[in-house]
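Counting along the sequence shown from 1, when you hit position 2 you're at 11 in my numbering, and nothing is skipped either side. A virtual CB, placed ideally from N, CA and C, is assigned to each residue, including glycine. Owing to the predicted nature of the structure, the values given are computational and were not obtained by experimental measurement. As structure tokens, the structure follows; a few thoughts come after it.
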Amino acid sequence: MSKSSKSPGKASIEALQTSIIRHLHTSQGTYEEKASPEAWWKATAAAVNESVMAGLTDTQRTHSKLDTRAVNYLSMEFLMGRLLSNNLHNLGLFDVAEKALDNLGQNLADILEQEPDMALGNGGLGRLAACFLDSLATLNYPAVCYGIHYEHGLFEQSFSKGRQIERPDDWREYGNPWEVCRPESVQQIKLYGYVETVSQGGRAHKIWRPGQVVKAVPWDIPIVGYDGANVNILRLWESRATDFFDWDVFNSGGYVDAQAEQAQAEAISKVLYPNDETDAGKELRLIQQYFFSAASLADIIRRYQRAHGDDWSRFSELVAVQLNDTHPAVSIPELMRVLLDEKGLSWDESWAICQQVFSYTNHTLLPEALEKWSLHLFARVLPRHLEIIFEINHRFLSRDVEAKWPGDDAVKARLSIIEESDHRMVRMGHLSVVGSHKVNGVAQVHSELVKTDLFPEFHALWPDKLTNVTNGITPRRWLKACNPRLSALIDQKVDADWPLHLDKLQKLKDFADDADFQQAFMDIKRQNKLDLAAEIKALTGVEVSADALFDVQIKRLHEYKRQHLNLLHIMALYRRLQQDPNYDMVPRVFIFGAKAAPGYRLAKDIIYAINRVGDRINQDERIQGKIKVVMLPNYRVSLAEKMIPAADLSEQISTAGKEASGTGNMKLALNGALTIGTLDGANIEIAEEAGEDNEFIFGLTVDEVKALNQNGYNPYDYYHADAELKAVLDSLDNGYFTPEEPGALASIKRSLLEGGDAYKVLADFRSYVDAQQLADAKYRDKAAWARSAIINTATMGKFNSDRSIQDYVDRIWKLTPYPRKAK
Ligand code: 26Q
């Protein structure tokens, strides 16, 4: 396999060129003079697919022949982004393709832009799953990843007069060259209905009579590991109607009509829910969860039985199932149901298998994000599963909990899988902890809080169950592919195999004080900033200077992530400039990217505020361009790839204790941005690696936030004590930025004062402004800034998703790598 540092061979260029032309002629039905950029993209993808599919066949044959233990990664979300560039890099064909297309009079970069993002996720959790796919394949671990084949991924965002507008995402509108439909592996999924108890050989046997059956159709997307490694499968389920119709059930009154039922079946995989960190409790969402969990388990069981028939003794030896948050937690009662009701195993045998097979990753502590389902809804959609959950709960409380805390009903109520309130609920987090052998948080501090605050009694009961696996990101996409200039410099200074051994970047530390290297490093940053400046101009019409400090905050819009704290700082600087146009500050471009959940009013108001304040500032000639504010529309993976290499400063400013990990923080630091951040999530570990001298840490700690809450937090204290803060907040509701609509930004001020400021924005404001001042001062010292930027890149080795996956493998999944057969 050719590495990018070697120049590609003539023979491989010609072979790819021939293949592209063949696909242009024979699959696209067009020719060189006439082909659209889209046809070139598809022909190139088809040519690349020849290598992809060869790798897929080798890998799958090897894993099946050797009957390997595999992990099955279940996730409602996979935020893949674009695949062509990634596949070219991982196959070592990027430079080959560049030359081949150049010979054909085409530009690879333009062709890559034709590909729509595969945006089947909201944010961090979905992108983490995508990085893990890359690492699992690269490290040659047998893995199958399962999710939903959404027809519409995360909505497309635009702004109309500063307000967010959502439009449906149509990523497959013109076909997707990467996916293969596998009709031979279709599954039938039951829903609704009732449970019948029949006596069989003296034993009560349960039969679920469903009210509806839908088809789950699998689409496979090959996942190419780096440098000749395995090609694994991402299997996404699409829902279709069946002709199943149970008159018994529907005669009793549930029937609407056949057309409506078909539409309902096909609605299951229609659209990704655009909320993150809030649980809407909608029936369709529960059905989505069950639909893909049941289809995936049936698929896992089918593969197992193909080799082992009805011998269940080796199931837990060969199968690991990872639950990406509680979204697939209904898999636990589903596996119980299949083993008990369909395969005839005993309760104890089935339960032992479940606990050995499942493990669960928690991604949040926010109470509003912890999933709960109403018992009524659950009973209607999944009647048999609710019975099983009751039985799991009964045995758990009367054996495990009773043995540890005899007679303690209060602890039983707290640990119960069923929340007893006027409206009884199934707690999916509790179900996941009880049904798994390992539960992990996603950064050190988060995992500690899972033990002490979220599940303290589970931790007391099972001290070895709760653990940490710090998140990571794939260096292939998030450095090699997105930042080719810096990658080439690292190839020169380190070694070309750093994408497989990110710790090797430590060597860059040796050059941190070398003036020539600093120059080279910052020249690259400047080039990347020029590229982004052109993109900003194209997307927003705003002109920005590459000499300014690029201050970047990119993540979902949420109060706890505190984009409005960033905005208050911008408003404070603007106010200083208005009072004194010669106010001495380093020119800055504040760059945002964020989507708000369509129903999250305040988040949308914050987007509006950033856009309106930005418009005003960008147009104000008195400030001589010292501040520019832009919010780029439709933030997504492919836009992140353009923004991250150009960032000087990385905004990681969540309220301490709220951001489980963060992964954008890792991507930005790896590309040489300095972090301004709170001691939250993985920021803490990033600061440990890079050293606090190379960052701007500010704000309350987790313990200080807790203390403030206990002692009674009053945001008015900060409002009255800080004249600048007061003036800035007042300008939100005096119509200063929106004269035609004076109250338009008032909701933000209201949430921070009357609303109680749940996320401590006012408490952290002054400390944040001070940290920003330090960043300003440091940026004036070019050598000091360059040194810190280099050290950031050099010390991010820990945050390689290969390391995260190796942690899962060693401590949870216990897998052995199997390289695909010799190439
Ligand atoms: C739940 C119920 C109903 C509808 C939607 C949801 C839902 C969907 C997505 C709840 C949460 C999510 C996504 C959460 C998420 O992305 N969490 C982030 O996970 C990252 C990877 O571990 C962390 O780095 C981030 O800190 C965390 O916020």
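The C-beta of G210 has fewer than 16 other C-beta atoms within 10 Å across all chains shown, which makes the residue exposed. Not one heavy atom of the ligand 26Q falls within 7 Å of the beta-carbon of S169. The straight-line gap separating the alpha-carbon atoms of W217 and R404 is approximately 22 Å. Counting the other CB atoms within 10 Å of its CB gives D506 a total below 16, which places it among the exposed residues. One residue after another in chain order, those with a Cβ under 6 Å from a heavy atom of the ligand 26Q are N131, G132, G133, L134, L137, Y282, N284, D285, E286, D288, A289, R294, H372, T373, A378, E380, V451, N480, E668, A669, S670, G671, T672, G690. Boundaries of the beta strand (DSSP E) around F559: 558-563. A Cβ-Cβ contact shorter than 8 Å links S663 with T687. Pairwise C-beta distances place the region 644-657 in contact with the region 593-609, as three or more of them are shorter than 8 Å. S740 is not bridged by DSSP to any residue. Assigned with DSSP and collapsed to three states, F464 falls in coil, not helix or strand.
For C154, the secondary structure class from DSSP, reduced to helix, strand or coil, is strand. Only residues of its own chain outside the window of five on either side were considered, and among them Q173, A605 have a CB closer than 6 Å to the CB of K613, listed in chain order.
With a minimum length of 4 residues, the unbroken runs of alpha helix (DSSP H) contained wholly in the region 299-333 fall at 324-327. Residue range 117-121 is occupied by the alpha helix (DSSP H) that includes L117. Annotation note: the region 345-371 contains the following uninterrupted beta strand (DSSP E) runs of length 3 or greater, listed N- to C-terminal: 367-370. DSSP links W382 through a beta bridge to V435.
Residues I157, W246 of the same chain have their beta carbon placed closer than 6 Å to that of F301, with the five preceding and five following residues left out of the count. Y282: not part of any beta strand (DSSP E); DSSP gives it neither H nor E. The straight-line gap separating the alpha-carbon atoms of L134 and L88 is approximately 8 Å.
When secondary structure is reduced to three states using DSSP, M580 falls in the helix class. In the assembly as shown, R621 is a buried residue. Its beta-carbon has 16 or more other beta-carbons within 10 Å. If you check the CB distance, K108 and P177 do not come in under 8 Å. Shown here for W822: same chain residues with a beta carbon closer than 6 Å to its own, the five before and five after excluded, namely V80, A329 in chain order. With contacts defined by Cβ atoms closer than 8 Å, N680 and Q661 do not form a contacting pair.
S496 has its alpha-carbon roughly 54 Å from the corresponding atom of E351. Ranked by Cα distance from I579, the options D319, L137, D624 are led by D624.
Note that the C-beta distance between I653 and L677 is below 8 Å. The residues T687, L688, D689, L709, T710, V711, V714, in chain order, have a CB closer than 6 Å to that of A665 in the same chain once the five nearest residues on each side in sequence are set aside.
Annotation: the continuous alpha helix (DSSP H) that includes I30 extends over 19-35. Taking each of I427, N149, L475 in turn and checking the Cα distance to I232, the smallest one comes out for N149. When the beta-carbon positions are compared, M594 and D779 stay at least 8 Å from each other.
Put simply, of A755, A696, M640 the residue whose alpha carbon is nearest the alpha carbon of S167 is M640.
W471 sits in coil when the DSSP states are folded into three classes, being neither helix nor strand. Sequence-distant Cβ neighbours of N131 in its own chain, meaning closer than 7 Å and more than five residues away, are E86, L163, P283, D285, R565. If you look at M127, you'll find it in the beta strand (DSSP E) that goes 127-129.
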